Structures are given as structure tokens and as C-alpha cells.
Amino acid sequence: MAIFVGLGTIDLMIPDSHSLKEKRQVIRSILDRIRSRFNVSACEADHLDDWQHATLAFAVVANDKKFVHECLMHIAELVEAEGRVIVKDVSVEVW
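Under this note's numbering, read the sequence shown as residues 530 to 624, first letter to last.
Written as C-alpha cells, this is what we have:
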């Protein structure tokens, strides 16, 4: 039996954020939406004290490599569709 682990990171800007409180509201909203739609672990992984910059990380485990990759790509599409953020970089790795 094969098990695949996927890790996705999304580097983004929040141009309308003027404080850490505003940034965290946007990030929390995005992470909550992702957790409710996908069975993944998700967190803000970097730039925690920068009020206009964030890096989100997502982890998926499954027995189908294609499913893991597609799940991470759907998450990236959902974040890119979010009007309050600008996606700078998306990285997806599956082992």
C-alpha cells in the first residue's frame, strides 16, 4: 500500500491590511474556509509579524498521488479567487 504526502505553500500579499489584526482576520477567514471544504491541515507558516505579507502551508495525506496533487491545486485556486489577497507564489510537492 502506498501513502502519499503533499505539501503546498502559498506566498501572498494583503494590500488592504493596515494592522496585524486586519491581516489575521483575512488569514483566519481563508484558513477556516479551506479547512471546511478540504480535509487538510492548514496554517500560517511564515511572515507572522508582517501585516501585509503571509505564507500559508497545507498538508494532505492520501493513498492516491493524483488526488493529493489535485487537492492542493484546488486549494491554490480557492486562495487565488479570494479578492482580498494577491498570490505571489504557489509551491506544491508530493512525496
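Yeah, the Cβ is synthetic: ideal placement off N, Cα and C, and Gly gets one too. All values reported here derive from a predicted model rather than from experimental measurement.
VAL619 is not a Cβ neighbour of ILE543, given a cutoff of 8 Å. Check the Cα spacing between PHE567 and each of LYS617, GLU611, VAL590 and ALA574: the tightest is with VAL590. Cβ-Cβ distances below 8 Å link LYS617 to ASP540, LEU541 and MET542 in the same chain, with the five nearest sequence neighbours on each side left out; the list follows chain order. Looking only at CYS572, GLY612 and LYS595, the smallest Cα-Cα distance to ALA583 is reached by CYS572.
Between ARG613 and ASP561 the beta-carbon gap is near 14 Å, outside 8 Å, which marks them as no contact. Looking from the CA of SER570, the closest CA among TRP580, HIS576, ALA531 and ILE559 belongs to ILE559.
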